[in-house]
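One structure is given below, encoded as structure tokens.
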Amino acid sequence: MNRVASADAERHDAPSMHTPLSRFSWLMALYAENYRHLNRLFAPGDLEEGSYLSVIGDGLDLRLDVIERHRYTVDLRLTYELCDPLTGVPDPSAYVRLYRDALQVETTHCYVGRRWQDVIGLSPPPGQLMHHRMRMNIFLGKWLDYLAERGHGVATLCAIGRSVQSASCVVRD
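If you count by our numbering, then the sequence shown holds residues 61 to 233, one letter each, in order.
As structure tokens, then:
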């Protein structure tokens, strides 16, 4: 085999550095990226169960509810202090599960009072379920970027019932 043929064969056998991610791998990378964004913004794994408010003076106060804490997971809801005129429920809302051990954040649902099963059915085709999860988690990533750009973060986060003026009102262990 000559040099050119050998180099050409080597190039085809070597794994590509630019191999596209599978949809599942891309979704897992998105979960990891959302974990980094959310953790940097609010460090929710350190918060006790309860409700917190982030006020930056723009009239769009952000509410973070720590719904449940377990050994490896924390369930949260992010929403503005705005109510949907039809339902009377805060909207937009993102229900999020933080996986402490895997360092990932998954948006479980974004619809008022509706889980993914209510939106796409109990037995959707795998591609439809994957697409739905990607859309919800892309939404969360963009929302977290927007919140960071606006100035929301640990310094603006206060447990509801405490003074919003105090920059150190969230008590951490």
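Positions of the beta carbon are idealized from the N, C-alpha and C atoms, including for glycine. Predicted model only: the values in this text are computed from it and were never measured.
Beta-bridge annotation (DSSP): aspartate 205 is not paired with any residue. Per the coordinates, the alpha-carbon of threonine 147 lies some 15 Å from the alpha-carbon of tyrosine 140.
In this structure, threonine 167 and valine 156 form a Cβ contact; the two beta carbons are roughly 6 Å apart against a cut-off of 8 Å.
Using a 10 angstroms sphere on the CB of aspartate 161, the tally of other CB atoms stays under 16, which defines it as exposed. Of the other Cβ atoms in all chains shown, fewer than 16 fall within 10 Å of the Cβ of cysteine 143; this residue is therefore exposed. Linking valine 134 to proline 184 through their CA atoms gives a straight-line distance of about 27 Å. Leucine 207 places its beta carbon less than 8 Å from that of leucine 122. Straight across, the Cα-Cα distance linking cysteine 218 with leucine 113 is about 5 Å. Rounded to whole angstroms, the gap between the alpha carbons of histidine 97 and histidine 212 is 12 Å.
Boundaries of the alpha helix (DSSP H) around histidine 97: 83 to 102.
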